[in-house]
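Visitor:
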Amino acid sequence: MSDETYLDLSNLTLAYGKTVAVESLNLSIRKGELIALLGPSGCGKTTTMRAITGLLRPASGKITLDGADITYVPANKRHVGLVFQSYALFPHLTVFENVAFGLRLKKLPTVEINQRVEAGLAMVGLSKFHSRKPAELSGGQQQRVALARSLVMEPKVLLLDEPLSNLDARLRLEMRTELQRVQRESGVTMVFVTHDQNEALALADRIVVMKEGAIEQVGSPEDVYNRPQSRFVADFVGFENIFPVEGDGIRTEAGAMQLSAKPAAGASGLAWRPNMVTLGEGRFEGEVLGAAFAGGSREYLLKSPLGPIKAEMDAAAPAFEPGSRVAFDLPPERAAVLERM
Amino acid sequence: MTSRLLSYVTLTLVLIFLLGPFVIIVAAALSGGETLAFPPQGLSLKWVMKVFEVESFRASFALSMFLAIFGTLAALVLGVPVAYAASRYRLPFGETIRTIVSAPIIVPGIIVGLALLRYLVIPLDVSVGVALFIAHTALILPYAVRVVSASLDNLRSDIEEAAVILGSSRVATFFRIVLPNIQSGILAAFILGFVTSFNQVPVSLFLSGPGVRTLPIDMIWYMEITYDPSVAALAALLAFLSISIVFLAERFLGFSRYV
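One line per chain: the protein sequences are F and E, in this order. The first sequence begins at 970 in my numbering and counts up by one. The second sequence begins at 288 in my numbering and counts up by one.
#1: What residues in its chain sit with their C-beta under 7 Å from that of residue 514 of chain E, if we drop five residues either side in the sequence?
#2: Check whether the stretch 449 to 468 of chain E and the stretch 1050 to 1066 of chain F touch, using three or more Cβ-Cβ pairs below 8 Å as the test.
#3: Does residue 1045 of chain F come within less than 7 Å of chain E when only Cβ atoms are used?
#4: Residue 443 of chain E touches chain F at which residues, Cβ-Cβ below 8 Å?
#5: Suppose contacts are defined by Cβ-Cβ distances below 7 Å. Is residue 1271 of chain F in contact with residue 1255 of chain F by that definition?
#6: Since residue 1075 of chain F meets chain E, which of its residues come closer than 7 Å, beta carbon to beta carbon?
#7: Give me the Cβ distance between residue 1005 of chain F and residue 1052 of chain F, rounded to the nearest whole Å; I'm assuming they're in contact under 8 Å.
#8: Run through DSSP, which three-state label would residue 358 of chain E get?
#9: Hey, could you find the ends of the alpha helix (DSSP H) residue 1187 of chain F is sitting in?
#10: Use the C-beta contact count for residue 1285 of chain F: other C-beta atoms within 10 angstroms, 16 or more gives buried, fewer gives exposed.
#11: Does the CB of residue 1291 of chain F have a neighbour CB from chain E at under 7 Å?
#12: Am I right that residue 1208 of chain F and residue 1240 of chain F are in contact with their C-beta atoms under 8 Å? What's the rounded C-beta distance?
#13: If residue 373 of chain E and residue 381 of chain E are in contact, beta carbons under 8 Å, what's the gap, nearest whole angstrom?
#14: Run down chain E in chain order and give the residues with a C-beta less than 8 Å from the C-beta of residue 1049 of chain F.
#15: Can you tell me where the alpha helix (DSSP H) with residue 333 of chain E in it begins and where it stops?
#16: Take residue 464 of chain E and list the residues in its own chain whose beta-carbon comes closer than 8 Å to its own, dropping the five residues that flank it on each side.
#17: Any idea if residue 1036 of chain F is buried or exposed, counting beta-carbon neighbours within 10 angstroms, 16 or more meaning buried?
#18: Would residue 1061 of chain F count as contacting chain E if we go by Cβ distances under 7 Å?
#19: In the DSSP assignment, find the beta strand (DSSP E) that holds residue 982 of chain F and state where it starts and stops.
#20: Quick check for students: name the residue ranges of the alpha helix (DSSP H) that lie wholly in the stretch 1171 to 1232 of chain F, counting only runs of 4 or more.
#21: So if DSSP puts residue 1272 of chain F in a beta bridge, which residue, or which two residues, is it bridged to?
#22: Among F:1172, F:1210, F:1158, which has the Cα closest to the Cα of residue 1141 of chain F?
#23: Applying a beta-carbon distance threshold of less than 7 Å, which residues of chain F neighbour residue 468 of chain E?
#24: Quick check: the Cα distance between residue 333 of chain E and residue 437 of chain E, rounded to an integer number of angstroms?
#25: Could you tell me the boundaries of the beta strand (DSSP E) in which residue 993 of chain F lies?
#26: Locate the alpha helix (DSSP H) running through residue 1005 of chain F, then write down its first and last residues.
#27: According to DSSP, is residue 1159 of chain F helix, strand or coil?
#28: Anyone know if the C-beta pair for residue 425 of chain E and residue 494 of chain E falls short of 7 Å?
#29: Are the Cβ atoms of residue 1203 of chain F and residue 1307 of chain F separated by less than 7 Å?
#30: What runs of the alpha helix (DSSP H), each 4 residues or longer, lie entirely inside the stretch 295 to 325 of chain E?
Spelled out as structure tokens, the structure:
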């Protein structure tokens, strides 16, 4: 991975007719990086991906790839690959012909086409499935064919649209490992779109969190998971107790509340994951509304003067019964400090 | 018990209603007598053989075949792009275009025939053959658009984008990816169009001139002059032709999925 920018989106505005989907987006991606575009549906992540492929013409802005301006280069001349969420295999062609499709258009010699298709199918472990039709393959196998079909073209950037969402839990883990291996072996720059934070955390070198057509935060999985910068990102990665900062404390349903220490200067909010909440002791008190056993831990919903609080305790610790009153604390030193609410 | 009996009675009546005319025609065709009659007088194949000797039947059969084959092909050449555009793009007047395209199904054939005669054949001096060709193409067009649209709607449009990203132009994508996947729909449209054109009466009635008649019209003319069973024999032959085409289409294409 080099430090130089390889794919650059600058001031990119994307629209469907008059509806603006993405506004003034800036993003630099290095060669060989594995980037996740993460966000809920409608955040503009798929739109951004379509603009990179050339299927959607930007309303304004610039896209550069490998030093060349490709903003208005048509999709069929971009050297960009895309693995569709639905795989989009050609139903009338065999696995071999699906993978060979792009190579045949390049008018490569037959020998080279055969070699590259074989290598591509071997890479995704489907060498034995040559002459099958897509309808005769499982979902996971279809996805591998789609992956091989893009990889044999040796694209400069490979985009993947929700690559794991159509697979069952076991296959998802397998495919995740597979994608990482393929990326390592081929060294291709990959950008994938997902709404699943776990997928993004497990796969990506860097995560781009998007909200309503704009980037909320860009950072390593650790950054995004542990140090969300905004309320939106915190909420998205599982901080379920979020309060705005007011004065030297936080603003709650019962008004301003002091914590055991002052929030950091410049903080506009504090956020705690359920497992960061101290239960059984502390300066606040609440009533247990609900408790659920979750294997290694117990999850509680508390009704408190601050508002509803979600807490999680090790299953080995003594359980609190619904209806009982319990003391709790929001330790400021454990909270994520939010710059934007 | 009564309801069961009732349903058998209904079923029998429906079958008689549907198959009765066909049985009568076939029986009349195999008649040994001199006039069209049921029950037939004696049994013979002579009227079936006679069909092939009538000169005007041969000529009108050729014309009907020509119209059915080339009229349908012309309708497909026009209809496939219309169906593609309607299913893939949000057209500004999409609904209007759909309505216009299906107008020939809704407007009675008599009116279409009269209109073509009054405003095409008479003022523009278009030959009857050309007018027939235009009329049949227009009549088949709605069927072509509908049947092809149905198979296009079943084809995901993202495979076209996939082909484009792999380096194919939009036009090449249509021929390499779209056409191969809708070919059974196109074949179904062809068969439906062929049968529709071949059996067409009301429009052809207005557009027949001296020596230029489609087979069904020729059969009506023939019956007005000669009342022998050869018309029944021809009708029976045509029925068998239609049935075998549809049977084969159902067998190999699953025709009923499209119609």
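Glycine included, every Cβ here is placed at the ideal spot set by N, Cα and C.
Guide: So, to answer that:
#1: 322, 323
#2: yes
#3: yes
#4: 1055, 1057
#5: yes
#6: 454
#7: Residue 1005 of chain F to residue 1052 of chain F, Cβ: 14 Å. No contact.
#8: helix
#9: Careful: residue 1187 of chain F lies outside any alpha helix (DSSP H), inside the beta strand (DSSP E) at 1183 to 1188.
#10: exposed
#11: no
#12: 4 Å
#13: 6 Å
#14: 452
#15: 333 to 338
#16: 446, 447, 450, 455
#17: exposed
#18: yes
#19: 974 to 985
#20: 1190 to 1195, 1200 to 1205
#21: F:1256, F:1277
#22: F:1172
#23: 1060, 1061
#24: 45 Å
#25: 988 to 999
#26: That residue, residue 1005 of chain F, is in no alpha helix (DSSP H); its beta strand (DSSP E) goes 1003 to 1007.
#27: strand
#28: no
#29: yes
#30: none
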